[in-house]
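Shown next, in C-alpha cells, is the structure this report addresses.
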Amino acid sequence: MEIAFYLSGLIAVLATLGVITNTNPVHALLYLIVSLISVALVFFALGAPFAGALEVIVYAGAIMVLFVFVVMMLNLGDQGAAQEKAWLRPRIWLGPSLLAAVLLVTLIATLWSGDAGRMISGEVLTAKAVGSLLFGPWLMVVELGAMLLLAALVTASHVGRVASPDKPEVNAESGARKEAS
Amino acid sequence: MTLLWLILIPFVGGLLCWQGERFGDQAPRWIALATMLIELLITLGLWFHGDYHLPQMGTASEATRWSMEWQVAWIPRFGIDVHLALDGLSLVLIALTGFLGMLAVLCSWNEIVRRVGFFHLNLLWILGGVVGVFLAIDLFLFFFFWEMMLVPMYFLIALWGHSGSEGRTRIRAATKFFIYTQASGLLMLVSILGLVFAHHANTGEYSFAYATLLETPLSEGTAMLLMLGFFVAFAVKLPVVPLHGWLPDAHAQAPTAGSVDLAGILLKTAAYGMLRFALPLFPEASQAFAPVAMTLGLVGIFYGALLACGQQDVKRLIAYTSISHMGFVLIGIYAGTELALQGVVMLMVAHAFSAAGLFILSGQLYERLHTRDMREMGGLWGRMGSLPGFSLCFVAASLGMPGTANFLGEFMVLFGSFPAAPWTVVIASGGLVLAAVYSLLLMQRVHFGPAKGEGRFADLDGREYLMMLSILALVLLFGLYPQPLLDTTGAAMLEVQQLFGAVAQSSTLMTGAP
Amino acid sequence: MNGIPMEHGLVLAAILFTLGFAGLICRRNMVFVLMSLEVMLNAAALAFIVGGTAWGQPEGQAMFLLVITLAAAEASVGLALLIQLHHRFKSLDVDAANRMRG
Amino acid sequence: MSLLPLTFLLPLVGTLILALSRGTLNARASAVVGVASVGLAALVTAWVGWTFRADGGTGVDMTLWTWLSVGDFQPAIGLRLDGLSLTMLSIITGVGFLIHLFAAWYMRGESGVTRFYAYMNLFVFSMILLVLGDNVLLLYLGWEGVGLCSYLLIGYYYQTSANGWAAFKAFIVTRLGDVFLAIGLFLLFRALGTLNIAEILARAPEVWNEGSLEVQLAALLILGGALGKSAQLPLHTWLADAMAGPTPVSALIHAATMVTAGVYLIARMHGIFELAPTVLYLVGLIGALTLLMAGFAALAQTDIKRVLAYSTMSQIGYMFLALGVGAYDAAIFHLMTHAFFKALLFLSAGAVIVSCHHEQDMRRLGGLWRRLPLAYAGFVVGGAALAALPLVTAGFYSKDEILWEAWAAGNGGLMLAGLVGAFLTSLYTLRLIIGTFHGEMKSDNARHAEPGRGLVHGLPLVVLALLSTFIGAGIHPPLEGVLPSGPGADAHGVGHTVLGIFAAAASLGGLGLAAWLFLKRRRWLAERVAGGWEARLWRLWNQAWGFDIAYDRLLVRPYRGLVHVLRNDIIDRLVLVAGWMAWLSHRGLSYTQSGKLRLYATSMALGVTVILLVLVLGG
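Going down the list, the protein sequences come from chains A, B, C and D. Heads up: the first sequence begins at 1 in the numbering used here, then just goes up one per residue. Heads up: the second sequence begins at 1001 in the numbering used here, then just goes up one per residue. Heads up: the third sequence begins at 2001 in the numbering used here, then just goes up one per residue. Heads up: the fourth sequence begins at 3001 in the numbering used here, then just goes up one per residue.
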C-alpha cells in the first residue's frame, strides 16, 4: 500500500512535469490524464475509494474530455507548437521556476514546522459515510455547489457564444473612456 | 413632535418638488417656496410663543437647558437616539435657514431652467439637513445630518454650477468641496467615536447623547486630540485659513442659490458646531487651544481680505470676503466672553444676510451681463436701475458700516474679545481697513468708472426688488434694534460662556497675549 | 506496516501544486494555463483527502467533492473564455487580453 | 417731549423718499425734497436752540431705545444736547441748509440729482447723529456714516475713474483713523465699563491717574481717529483729492462740517485728554505742523478748490493747536467762524466754476471780477475772514483768541507757528483772489462766464458773507459748563492787545506782500519759478511735501505687490500638493496593473511566499 502510494505519487509528479513542459496541447492533455489517474490511485492507497472513483470519472473523464473537445475545435496546428517553443525559452521560464521552487521549499518548511508524526493507516472511508455527511449536516454546502454549477453553466453558455452581440458594447465603453479622460 | 416636522417638511417638500415637475416648471418653484414659507412660519411661531430667556441658568440641568425636546430610540444597543432639542441659538439659526431658503428659491426662479424639480429636491434636502444639524443633540444623529448636507450640495454644484475660468470646472469644484468636507467629517466621526469609547471605558455604557457625554471625564491629552478632531471638521466648514481651499471654488462655481446657502447657512453650521460641541465638550482643551485658534482667525481675516483684493471674479471676491469675516467669528468664539459670543451670533446672522445679498446681486449681474469677470464691468451705475444702489448697501454692510447688523456683530466680537486678548483684537481691527479696501474695490470696479458699453440693462423686477429690500430691511433692523435676537440667544450663549469661561478663570493661560 | 506519514501526502500535494503554479506563470498559452490550474486544484483536493484520511473523517472527501465541483465550473467558464479569446484575438496568448491595464 | 429727534429724522425721511423713489422723481422734485428736509431740520434746530436758551442751558437727555444690552455693554440710541452739540447742530443744519439751497442752483442740469440729494441728506443725518449721540458707539455710527457719504459724494461723478479712486482714498485713509478710534473705544470700555460719554468723562479721573500709560494710549488712539477725519498730519492726504466731488459737497463736508468732526471729538472727550497732557501737547504740535505744511502747500496750487482744501487743513490745524493748549472754546469758536467763511469761499468758488463751464484752474481764469460780482464779493469777504483781516472779519476774532490762548498757556512756539501761519494764509488767499478775478481772462471759458442768478444762488452767498464778518463773531457758542475754559480766559490785558496787533500785522503783512508779488512783480515771480531751486521748491509745495508719493511707495505698492503674489491662493495650491501626490501614486500603482495575468499570479505567489516565510521564520 505504501508502495502504491509512493509509486503513483512519483508517476503523478513526472506526468505533471510533462504537462507543464510539453508544447503540444494534446500530448499535454494526455500527460494530465495520466497525472489525474495516478492521483486517483493515491486516493485509493490512502483509503478514499469514493474520491478516487470520482477523480477518475469526473476529472479524468468529463473535464478532460471537455478540454479535448476544445483543443480539437480550435484546431491548433504546427505553428502553434512552434510558437509554444518560442515562448518556452529558459530566459522566460527560469525566473518563475525559481519562484516556484522557493515557494515549494517554503511550503515544505511550513509543513515540517508544524506537529509531525500522524500516520495514515489506510482505513477505508466508504461512500456511505461521505454520503450521510453530505446529505446530513452539509446539505447547505451541496446546494451551494449546485448553484455554483448552475451559474457556471449559464456563464459558459453566454460567454461561449462565438457571435456575441457586443460590438456596440465595445463602442459604448470606449465612448465612456473618452469622456472620463 | 414639532421639531421632527421642522426636519421632515423640507424633505417631504423636496420629494413633492421632484414629482411636481410633471406639472410644469412652475410647480416645483411654488412648492419649494411654500415649503420654506411654512418652515419659516413654524419657526417664527415657536419664537413668539416660546420663552427663551431661561433665567435659571446657574443650575443648568436637563430640564431647563432646552425649550423643546423630542426623543425616540434609534439603535438602542449603542445608545443612539433620535434626539432633537431646541434652544434659542438653534431657533435663530433655523429661522435664518427658513428665510434664506426662501431667498434661494426666489433667486433661482429664472436662473434654473434645467431639471427644475430635481434642483429643488436638492436645495430643500440641503436645508433639511441643515435644520437637522441645528436640532440634533445626539452626536451620531448630528454626524448623520452633517454628512447628509453634503450630497445634495455636491449635486447642486456639479449639475447646475457655472464653470469658471482656467480649467475651474464645476465638477472639479464640487469634488473639491465634497472631499474637503467629507474627509473632515470623517475626522469628526473618529472623534465622536473616541468620545463614546472614553465614556464607555468610564461607565461601561454606550451613549451618543450630548448631555451624557458632556460629563465624560477625559485626560488632558485625549481631550486635546478629540477636540482637534471636532475643530478640524468645523474649521474646514467655517472655513479657517489653511483649510479653506474648497470655499472659493465652490462659492464661485455654484448656482446663485447654492452660493446663498453655502455662505448663508452652511458656514454657520460650523460656528454652531463649535459653540454647541467643540467648546462645551472640551472646555479645558479648547481653552488651551484658544490662542492658536485666535491666531488662525487673524490669519484668516488678513489672508481672506488680501486675496479678495486680487480677484477678478465677482463671486470669488465675495467668497474670500466670507473667509475674512469668519476670522472674526473664530476669534469671538474662542474669546469666550458673553459679549463676544453674542457678537458671534450677531455676526453670523449679519453675514448670512449680507453675503446672501451680495451673491444674489452678483447672480443678477450675471443674468444681465453673462459674465462675472470684473475686467469686463465698470460704469454700471447708471445702466442698471436700482441694482447698483443695492450693491452699495450690501457692500457697506460687508465693510461693517454702523447701522448694519454686520457692524454690531464685528464690534461686539471685538469689544467682547478685547479684555481676553487685547493684541489679537488690535490686529484684527486692522482687518476693518482691509474690509473697506476690498468692498470698495468691488464697487469701484463694477459700478464706477467709464461705462464699457452703450444702452441700459433691465432694471430689477418686482421679485428681485422685493427680495433685496427685505434683506436690506433685516440688515438694518438687526443693526439698529438687535435686542430680540440677542435675548433669544442670550441663555444659550451664557451657558457656553459658563462652561468655557469657568475654565478661563481657573487657568492662567489666558493672560492677554494672543 | 504502520501506514504513510501524513507529511508525505502533503508534500506530494505541495509538489503538485508548485508544479501547477510553475506552469501557470511560465506558459502564455491559455490552454496550458487552464491545465495548470486544474493541476493546482487537484493538488488542493489531494491535500484535503490526505487530511481527511489522516484523521479518519469523511469531511476530507466531502471537501474533495466541492473542489471537484469548483474545478468543473472553473473549467467550463475558463474554456468558454478561451474560445472567446481565440475568436477575438486570433491567438491564445493570455497577455493579448490586457485591455484592463491601468 | 422735545423735538430734538426730528432734526435727524427729517433728513432721514428725505433720504428714504429719494432712495426709494426709483427714478420717479424729477430733478426739481428731488431738489425740493432734499432742500426742504434740511430746511425743516434747520427750523427745528432753531426751535430747539430757543428752548435751550429758555431753559437756561440745561440741555436735553433723551434715550430713544436701548440699542443692545449684553451684560455691561448697553449702548443706547440716546441723544445729548448741550452747548457743544447745539453749536455743532446749528452749524450743520444752518450752514447745511444754505449749502443745500445753493446746490439747487449748482446742480441744475446734472443727471442723477436724486442720488445727490439722497447722499446729502444722509450725510446731514449721520453728522447730526455724530454730534448728538450720547455714547461713543452712536458717535461712531455717525462718524462712519459721514465717511460713507463723503465717499459717495466725492465719487459722485462716477464715470471718471480718478474720482472713484479719490473717493476710495478718502474712505480708506479716514477708515485707518477710524480703526484707531475703534481700538480706543475698546480700551475705554474695558477700563471704564461704559460707553456713555458723560459717564466716561466722570469715571476717567477716578480710574486713571494723570499721565498713566493706559489713558495716554486711549487719548492717542482717539487722536488717531480725529487726525484721519480732520485731515491732519499724517493722515491728511485724502482731503486735496476729495475736491473731485461737486463743490457744494466740498463746502458742506470737506470744509464746514465733517472734517471738523475731529475737533468736535477731541473737545467732546476733553476729560481723557486732560488726563494725558503729553498727548494733548501732541495735538497742538500736530495742529501747528499741519497748518504750516498746508499753508505752504496752498501757496503752490493752481486749482481753486485745492487751494481751499489746503487752507481748510491749515485752519483745522489752528483748531487742533487751540485744543492742544486746552482752549477748547476757542477751537469751537474758530470751527464755527471757519464753517461760515470757508463755506462762503467754497460756494463762491462753485459759482465761479459753474459760471465758467467747470473751469477751476487759476491759470485759465482771471479778470472775472466784473462779470461775476457776487462771487467776487463772496471771495473778498470770505478771503478777508480767512486772512483774518483785523476788526471787521469773524476770522480775526477767532484766530486772535487761539493765538492769545496759546501764548497764555506758555506755548510760545505754537503761538509763533500760528503767526507764521496767519502770514501764509494772507499770502495764499490774496494769490487766489488775484489769480481768479484780476488780470486778463486767460481762456474762452473765462471770457464766456455766465453769472449765476436767482434767489437760490444769491441768498446763501449773502447770508454766509454777512456771517463771515464781525456779525458772525458776535455769535458766542454757549460752551460754559460743557468745556473747561482756556488758560487765557480771564486774563484779557495789555498782552492780549499787543498780540492782537502782532496778529493783525502778520495778516496785513501777508496781504501786502501778496499784493506786491502777484500784482507788481508777477513776471519776476514766474521767471523765478520756472527753473532752479525755486522750481523744485514749488514742485515740492505743489505736491504738498510729497506725502502722496511717499505713501504710494511705502504702503500702496507693497500692498499691491502682496496682493499680486497671493492672488492665486498659495495656501490652496499647497493643499493641492496632497492631491497631486495622490495622483502620482495613482499613476505609479496603475502602472503595475499591466493586464498581464501571469504577473498578477506571480505577485500573488510572492506575497504568499513572503507571508509563509515570515510565519516559519518568525514562529
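No residue lacks a Cβ here, since even glycine has one placed at the ideal position from N, Cα and C. Everything numeric in this text was worked out from a predicted model, so none of it was measured.
- Here the C-alpha atom of P1152 (chain B) lies approximately 34 Å from the C-alpha atom of L1440 (chain B).
- In the assembly as shown, R2027 (chain C) is a buried residue. Its beta-carbon has 16 or more other beta-carbons within 10 Å.
- With distances taken between CA atoms, I1331 (chain B) lies nearest to B:S1417 out of B:S1417, B:L1279, B:F1282, B:H1199.
- Nearest CB-CB separation between R3175 (chain D) and chain C: not below the 8 Å threshold.
- Counting only runs of at least 4 residues, the region 3126-3184 of chain D fully encloses the following alpha helix (DSSP H) elements, listed from N- to C-terminal order: 3136-3154.
- Short of 6 Å from the beta carbon of S38 (chain A), and not among the five residues preceding or following it, lie these beta carbons of its own chain, in chain order: S8, I11, A12.
- At least one CB atom of chain A sits nearer than 8 Å to the CB of N2042 (chain C).
- Restricting attention to D:G3618, D:V3616, D:V3610, D:L3617, the CA atom closest to the CA of L99 (chain A) is found in D:V3610.
- Annotation for V3060 (chain D): the continuous beta strand (DSSP E) segment containing it runs 3060-3066.
- For R3567 (chain D), the chain B residues whose Cβ falls inside 8 Å of its Cβ are L1307, G1310, Q1311, in order along the chain.
- Distance from L3098 (chain D) to L3464 (chain D) at the Cβ level is roughly 6 Å; contact confirmed, criterion being Cβ atoms closer than 8 Å.
- Secondary structure in the region 1421-1479 of chain B: the alpha helix (DSSP H) runs of 4 residues or longer, each lying completely within the stretch, are 1422-1446 in chain order.
- Identification of chain C residues near L3562 (chain D) by a Cβ-Cβ cut-off of 8 Å yields none; the smallest Cβ-Cβ distance measures about 43 Å.
- Residue nearest to M3336 (chain D) within the set D:L3275, D:M3441, D:G3472 is D:G3472 (criterion: CA-CA distance).
- Under the DSSP assignment, Q1071 (chain B) falls in the beta strand (DSSP E) whose first and last residues are 1068-1075.
- Proximity of chain A to A3118 (chain D) at the Cβ level (cut-off 8 Å) is not reached, the minimal Cβ distance being about 55 Å.
- Within chain B, the C-beta atoms nearer than 7 Å to that of I3172 (chain D) come from V1433, A1436, V1437, in chain order.
- Shown in chain order are the members of the region 2016-2035 of chain C whose Cβ falls below 7 Å from a Cβ of chain D: F2021, L2024, I2025.
- Check the Cα spacing between E3214 (chain D) and each of D:D3303, D:M3120, D:I3272: the tightest is with D:I3272.
- Sequence-distant partners of A1451 (chain B) (beyond 5 residues in either direction) whose C-beta falls short of 6 Å from its own C-beta, in its chain, are G1379.
- Listed in chain order, the non-local C-beta contacts of T3066 (chain D) below 7 Å within the same chain comprise Q3074, A3076, local neighbours out to five positions each way being set aside.
- Between S1090 (chain B) and L1046 (chain B) the beta-carbon gap is near 10 Å, outside 8 Å, which marks them as no contact.
- Burial check for I3316 (chain D): the Cβ neighbour count within 10 Å reaches 16 or more, so the residue is buried.
- Within the region 3569-3603 of chain D, the residues whose Cβ lies closer than 8 Å to any Cβ of chain C are, in chain order, L3589, S3590, Y3591, T3592, Q3593, S3594, G3595, K3596, L3597, R3598, A3601, T3602.
- Among the residues of chain B, those whose CB is under 7 Å from the CB of Y3140 (chain D) are P1402, following chain order.
- Of the residues assessed, G3512 (chain D) falls on the exposed side of the cut-off, its CB having fewer than 16 other CB atoms within 10 angstroms.
- A direct Cα-to-Cα measurement between N3163 (chain D) and Q1444 (chain B) gives close to 10 Å.
- Taking a C-beta distance under 8 Å as the contact criterion, F3180 (chain D) and G3133 (chain D) do not qualify as a contact pair.
- If you draw a straight line from the Cα of H3357 (chain D) to the Cα of A3446 (chain D), it is about 8 Å long.
- Each of B:L1414, B:F1178, B:R1383, B:L1124 was checked against the Cα of A1250 (chain B), and the nearest Cα belongs to B:F1178.
- Rounded to whole angstroms, the gap between the alpha carbons of L3589 (chain D) and G1431 (chain B) is 47 Å.
- Contact between A1492 (chain B) and G1088 (chain B) holds: CB atoms are separated by about 5 Å, below the 8 Å threshold.
- Taken residue by residue, none of the region 3009-3037 of chain D has a beta-carbon sitting less than 9 Å from a beta-carbon on chain A.
- Judged by DSSP in its simplified three-state form, A3394 (chain D) adopts helix.
- Contacts with chain C (Cβ-Cβ distance below 8 Å) from the region 84-107 of chain A involve E84, W87, L88, I92, W93, P96, S97, L99, A100, A101, L103, L104, L107, listed in chain order.
- DSSP places A3544 (chain D) in no alpha helix (DSSP H); its state is neither H nor E.
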